[in-house]
Amino acid sequence: MFSLLVNIPANAKWSQNGVTIAGGNGAGGATNQFNLPYRLFVDDDQTLVIVDHINHRIMQWKNGNTTNGQVVAGGNGAGNGLNQLNYPIDVLIDKETDSLIICNW
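Just so you know, the sequence shown maps onto residues -16 to 88 in the numbering used here.
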């Protein structure tokens, strides 16, 4: 079980203008789209790893690249093959083992 508690000060202020850094091109299966993005993980170098639930894949978006992501797992339809995922629901990176850990149905 992994738990992360973040201490956000009561007087914290947030930017009023957000910037889309991944997706934003409607639902779909292209590398600049998601279809029900489910969870995300941000690693130390600000790389986003995003669960793309309906596309059965894990996408990676490197810091600074706001055009296209890279499929790092799955993306070959639903299934139990070595190159497939079946509705993935969570992801994290274990720095100690340099592993991408995926929770998959």
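Built from N, CA and C at the ideal position, the CB exists for glycine as well.
Nothing here was measured: the structure is a model prediction, and the numbers come from that model.
The beta strand (DSSP E) runs of length 3 or more contained entirely in the region 0 to 41 are, from start to end of the chain, 20 to 25, 31 to 35.
Taking a C-beta distance under 9 Å as the contact criterion, Phe24 and Leu68 do not qualify as a contact pair. The Cβ atoms of Val55 and Ile72 do not sit closer than 9 Å to each other. Partner residues in the beta bridge of Trp44, as assigned by DSSP, are Leu31.
Note: Gln67 is not bridge-paired with any residue in the DSSP secondary-structure output. A Cβ-Cβ separation of about 4 Å places Trp44 in contact with Leu31 under the 8 Å criterion. Cβ-Cβ separation between Asn18 and Ala5: approximately 13 Å, too far for a contact (criterion under 8 Å). Under DSSP, Asp77 forms a beta bridge with Ser82.
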